[in-house]
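The block underneath contains the structure these notes are about, expressed in structure tokens.
Structural data, given as structure tokens:
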């Protein structure tokens, strides 16, 4: 067979080189599009005509006073030159004005009388955190003298004693007046501008239009570039954490919805990707995941929360919308280089609360002794574990093997005690940490290039990301390209074209070997003191062999049989076996054409195409442990003839997979935006259509045995026989099946057609009315017109009270705006369709017989899941905008949710997933920003974000299930009127002689005792009735928020982010009572305190009569109400210190700006549960610990050229 992997890699690299070449060509063209000679011929032409002609043929813009144009003399000359200074010398010859070229692309015309300066000021204009503001306007107050900041925020301007005040302005920031004297002019002056978002000069970008917040009524939070980059973030999700009230970002990989942001609670019961907000990139919905977007490409992120803000996206907006606007050029040419280094420390086991190895050995010894007492002798006991060819084999530990060897006389007592002592002093977990884990190291390099002039705007980036993961041998790398160019073809016509692509490769070890606690016992060794490998004779691990553990008897019996391969195992050796090499190519191309039809009216047409391919290959060598185990398991032996038959061919195993996806979006839109009657009336409206298709073609999923990596060949085996009928196995004394990847082929295609409109009206900049309407049609809808054309819509009202005269006169109120909205959003759920769905099946016994299995009944009344949202909001700013805030109250009711509903069985099914569920979220959100101090070079600002939300089940038409289902699966089983994801618990009754008991729905105990305190076995019973359970509260936090603090002094910047969450509950980490294979710290208490009435018995301490009830009692004890605690916590997520190198130093190297940042993440936390429990690294419902999120350290370097 041909090895496809190498073809995969070559193809991916070829695509990458092609895209890279295209990027370089496009960038070269965009930066040189205007490099040509121009012919200029004027005769008695007025100045404004000359200015218009020069602007048309060059990249320069003009700034001038209207009186200057009126007084200018007619201009006559005939000149062909590419040099702008030569051209401007001709324009100003004989005139009373002169010129100055500012910012490399702006020509400032000024009277010659103003060109006399007594001294020159050198300055820099920055934002509130020290970032340069290229193109900022700097004007000498009282004159027409004017300049603009260059690409690094620097400017020079001449001053006189008569005019010594500057007026500085920049779009989106508060204008500022700065007085200057000769003493100040001797140094470089830094002028920091404050954001103007609190004055509603900011805009809301929703992907369809850009509208000022002054005219918006929806609940939307915009995070600008300066906030996104306060800290060094691994991805966009990290940058959003703690910035948006109501947005919950769960970093625990062991909980449902991990790494998926949830906005304002659940709006659907669909947990398979249906609860995350829609992501919009460059104006169009995208299939690109948030974590795959280069954070350095992002200019701002706008989160649309309520119906009025998000309903324009219709059936995909119920969970909110995250709109990402990418950067664009704003200077002639700017180059920025970022280098980031991340180190994640390898975890320690202290917070896991494990018992010591010595205690574990003592505990297992007690377990062995109790089990041994049930049999007449040792060999009778071990016969129950089975050996070769007896048909039933069970695993037993190396410690049991040591006891067996002692009792069989294979080791002396002294040898036994010495080996037992060695086991007690060995810690497999620590050896695993020292030899298998490393500090994860990630390096990221990002290069940005941007350029802008009056004709075009270009932005391009290339990002290289490489990581060495925690487990040795796991590494990946990724290169991402982005290019975007806007070109003004005519004054009324412009086009935007762009693409971004990503190519990634990864190498990962077999997942079986990535866990420290699943293969070998705690007292096993990996290496000797001299560093040599320690091999285990066998481990409790099989690959694809159903019910096939190996024990000491099996391993010993086959040790000297040449037809079998040895079972010996060492984790460090096996880490290099079964490596998976994967590569992914993702491409997105987009274009947008905009045409101005008339004043205020324009038309745009947008198209986006996305595609992606993921390929992987896993190879097991012929001598790998898993191939040896599989090979041995399928060897047949006939003792009578001494003949061996081999079920698997000699060689290794290769697994290859490929999955593709592609989608397109095509949108056409008319936009109207105009003010009337000197600004008293303002109208903005859009109307358009959108077509969208997503397609997942049939992928490849192939496994082959007998693989030879040299000849690239493999052997064909009968898959049906091996995976279904099975092959004879001498070891296990029966037929064994070998799990082979199922060849289930599926092709998925969905198409949508939408019609949308949105409008807003503003009167006197005080009163706003907004509305939107969208109709979405899809291929999986039912035929009923009542549901097929159901509209999704919104209305909103706004009152800019701060623009009222009676508020303006107060002075200390800078902003006061009230918003009220109602909207209907939708959510797509493809769990069912209007069609009968079935799967073709081949019969196992009669291979020629084919038939269909019905997997889904038709749903002719299928419709969008619907979410209605009421929102009342208040935006505020006080005390010269130093204190700013937003409050939002919302009531969000989701109806027609897809949920399993009981039906009349006469319709052909007892239950069906239909539009029948109701879920309701109510909440309040606060955001407060404060600039508390600005004194000289010292600035101090804070942000407080807080969101409350409660999700309640409104409707579930389904009969109550068993108590165990509600306790174990709260996200699947729920009842009306309770919290979504309620933690249910058994009601604890008490404990007698170490046996806990519980109360049923009638208050009766589940276990009775005799007069001596001994349990009566016959009385022990389970709790099955839901009514017996205790509702302990929500597993989902009901509040979350953050506090961020920023302090800047001269060239230093200190940022800290605290995040907190709570209002929910969780189960304590309780040692199971019904199993002997435990390693929790609680077993130490058993040896310290002995068996007491207050301490529950472990399984080994149960009487023989009660031992069959131990598992049930253990479950109720672990899930009892007394073992539920609060899950509130607070965590120092990030703290960073940045340093901007002095300008006097870096100018020697011709570097405009340079910044170094040192950052630490996850340094500290505190939780209400105590006991070293971190709720972020914990399974809240099962009550089990996982390794805590690692402490990480980051070093970042930013250079601008």
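Numbering (the working numbering), first residue to last: 173 to 1373.
Even glycine gets a Cβ: it sits at the ideal position worked out from N, Cα and C.
Remember, predicted model here, so these are calculated numbers, not experimental data.
CB-CB length for residue 462 against residue 392, believed under 8 angstroms: Position 290 of the chain shown, counting from 1, holds the residue named residue 462. Position 220 of the chain shown, counting from 1, holds the residue named residue 392. About 18 angstroms separates the two Cβ atoms, so there is no contact after all.
Using CA atoms only, rank isn't needed, just tell me which of 1164, 791 and 830 is closest to residue 871. For the purposes of this step, residue 871 is identified with residue 699 of the chain shown, where counting begins at 1. Minimum Cα distance to residue 871 is reached at 830.
Could you tell me whether the stretch 764-772 touches the stretch 652-671, using the rule of 3 or more Cβ pairs below 8 angstroms? yes
Cβ shell of residue 660 (< 8 angstroms), same chain only, five flanking positions each side left out: Stepping through the chain shown from its first residue, residue 660 is reached at position 488. The residues are 626, 627, 628 and 666.
Cutoff 6 angstroms; reference residue 370; Cβ partners in own chain excluding five residues on either side: Taking the first residue of the chain shown as 1, we reach residue 370 at position 198. Residue placement at residue 370 is poorly supported in this model, since its pLDDT is 41, which falls under 50; the coordinates still yield a value, given next. So the qualifying residues of the chain are 987, 1049, 1053 and 1056.
From the DSSP secondary-structure annotation, give me the bridge partner or partners of residue 1310. Walking along the chain shown from the start, residue 1310 turns up at place 1138. Answer by DSSP bridge pairing, in chain order: 1225 and 1329.
Give the DSSP-derived three-state secondary structure of residue 441 in the structure shown. Within the chain shown, numbered from 1, the residue matching residue 441 stands at position 269. Here residue 441 sits in coil by DSSP.
With DSSP collapsed to three states, give me the class of residue 1035. Counting from one through the chain shown, the residue named residue 1035 turns up at place 863. Of the three classes helix, strand and coil, the one that applies to residue 1035 here is coil, per DSSP.
State the Cα-Cα distance for the pair residue 1075 and residue 1036, rounded to the nearest angstrom. Your numbering for residue 1075 matches position 903 in the chain shown. Your numbering for residue 1036 matches position 864 in the chain shown. Going from the Cα of residue 1075 to the Cα of residue 1036 covers about 21 angstroms.
Find the nearest neighbour of residue 1007 within the set 1031, 882 and 998, judged by alpha-carbon distance. Working through the chain shown from its first residue, we reach residue 1007 at position 835. That would be 1031, whose Cα lies nearest to the Cα of residue 1007.
Counting only runs that start and end within the stretch 785-825, where is the beta strand (DSSP E) found for 3 or more residues in a row? 807-810 and 815-818
For residue 980, is the classification buried or exposed, using 16 other Cβ atoms within 10 angstroms of its Cβ as the cut-off for buried? Residue mapping note: residue 980 aligns to position 808 of the chain shown, counting from 1. So residue 980 ends up on the exposed side.
Out of 843, 1246, 812 and 797, which one is the CA nearest neighbour of residue 823? By 1-based counting over the chain shown, the position of residue 823 is 651. Per the Cα distances, 797.
Compute the distance between the beta-carbons of residue 930 and residue 857, then report whether it is under 8 angstroms. Position 758 of the chain shown, counting from 1, holds the residue named residue 930. Position 685 of the chain shown, counting from 1, holds the residue named residue 857. Yes, they are a contact pair.
In three-state terms, what does DSSP make of residue 833? On the chain shown, residue 833 is found 661 positions in, with the first residue counted as 1. Of the three classes helix, strand and coil, the one that applies to residue 833 here is strand, per DSSP.
If you check the beta carbons only, do residue 861 and residue 926 fall under 8 angstroms apart? Sequence index remark: in the chain shown, residue 861 carries index 689 (1-based). Sequence index remark: in the chain shown, residue 926 carries index 754 (1-based). Cβ atoms of residue 861 and residue 926: closer than 8 angstroms.
Residue from 1362, 1280 and 1268 with nearest C-alpha to residue 1303: Within the chain shown, the letter at position 1131 stands for residue 1303. Of the candidates 1362, 1280 and 1268, the one whose C-alpha sits nearest the C-alpha of residue 1303 is 1362.
For residue 166, count neighbouring C-beta atoms within 10 Å of its own C-beta (all shown protein chains included) and say buried if the count is 16 or more, exposed if not. This structure does not reach residue 166, given that the chain is present from 173 up to 1373, and the question cannot be answered.
Say whether the stretch 795-809 touches the stretch 832-842, bearing in mind that this needs 3 or more beta-carbon pairs closer than 8 angstroms, one atom from each stretch. no
Among 968, 875, 1012 and 978, which residue has its Cα nearest to the Cα of residue 918? The residue you call residue 918 lines up with position 746 of the chain shown. Nearest of 968, 875, 1012 and 978 to residue 918, Cα basis: 1012.
Can you give me the Cβ contacts of residue 651 inside the same chain, cut-off strictly under 6 angstroms, excluding the 5 residues immediately before and after it? Residue 651 sits at position 479 when you count from the first residue of the chain shown. Result list for residue 651: 636 and 675, in chain order.
Contact check, residue 1375 vs residue 312, beta carbons under 8 angstroms: There is no way to answer for residue 1375, as the model of the chain reaches only from 173 to 1373.
Which listed residue (1364, 1370 and 932) has its alpha carbon closest to that of residue 613: Counted from its first residue, the chain shown places residue 613 at position 441. The shortest C-alpha separation from residue 613 is found at 1364.
Just grab the DSSP bridge partners of residue 1179 for me. For the purposes of this step, residue 1179 is taken as residue 1007 along the chain shown, with counting starting at 1. DSSP lists no partner for residue 1179.
Could you tell me if residue 1105 is buried or exposed, where buried requires 16 or more neighbouring beta carbons within 10 angstroms of its beta carbon? As a first step, residue 1105 must be located in the chain shown, where it is residue number 933. That one is exposed.
How should residue 204 be labelled, buried or exposed, when 16 other C-beta atoms within 10 angstroms of its C-beta is the threshold for buried? Along the chain shown, read from residue 1 onward, the residue named residue 204 stands at position 32. Note that residue 204 scores a pLDDT of 45, beneath 50, so its modelled location is shaky and nothing firm can be said.
Along the chain, where does the alpha helix (DSSP H) that runs through residue 1316 open and close? By one-based count along the chain shown, residue 1316 stands at place 1144. Element bounds for residue 1316: 1315-1318.
Start and end residues, beta strand (DSSP E) containing residue 724: Walking along the chain shown from the start, residue 724 turns up at place 552. No beta strand (DSSP E) contains residue 724, which is instead part of the alpha helix (DSSP H) from 724-730.
According to the Cβ coordinates, are residue 754 and residue 786 closer than 8 angstroms? Numbered from its first residue, the chain shown carries residue 754 at position 582. Numbered from its first residue, the chain shown carries residue 786 at position 614. Closer than 8 angstroms, so yes.
Count the other CB atoms within 10 Å of the CB of residue 211; is the residue buried (16 or more) or exposed (fewer)? Position 39 of the chain shown, counted from the first residue, corresponds to residue 211. Exposed, by the Cβ-count rule.
In angstroms with no decimal places, state the Cα-to-Cα distance between residue 283 and residue 245. Position 111 of the chain shown holds residue 283. Position 73 of the chain shown holds residue 245. Each residue's alpha carbon lies about 13 angstroms from the other.
Can you tell me whether DSSP reads residue 866 as helix, strand or coil? Within the chain shown, numbered from 1, the residue matching residue 866 stands at position 694. Reduced to three states, the DSSP call for residue 866 is strand.
Assign residue 1374 to one of two classes, buried (16 or more other C-beta atoms within 10 Å of its C-beta) or exposed (fewer than that). This structure leaves residue 1374 out entirely; the chain is present only between 173 and 1373.
DSSP state of residue 566 mapped onto helix, strand, coil: Position 394 of the chain shown, counted from the start, is the residue given in the question as residue 566. Coil, per DSSP.
Would you report the Cα separation of residue 1268 and residue 1347, rounded to the nearest angstrom? As a working mapping, residue 1268 is identified with position 1096 in the chain shown. As a working mapping, residue 1347 is identified with position 1175 in the chain shown. Rounded to the nearest angstrom, the two C-alpha atoms are 25 angstroms apart.
What did DSSP end up calling residue 1071 once you bin it into helix, strand or coil? On the chain shown, residue 1071 is found 899 positions in, with the first residue counted as 1. Reduced to three states, the DSSP call for residue 1071 is strand.
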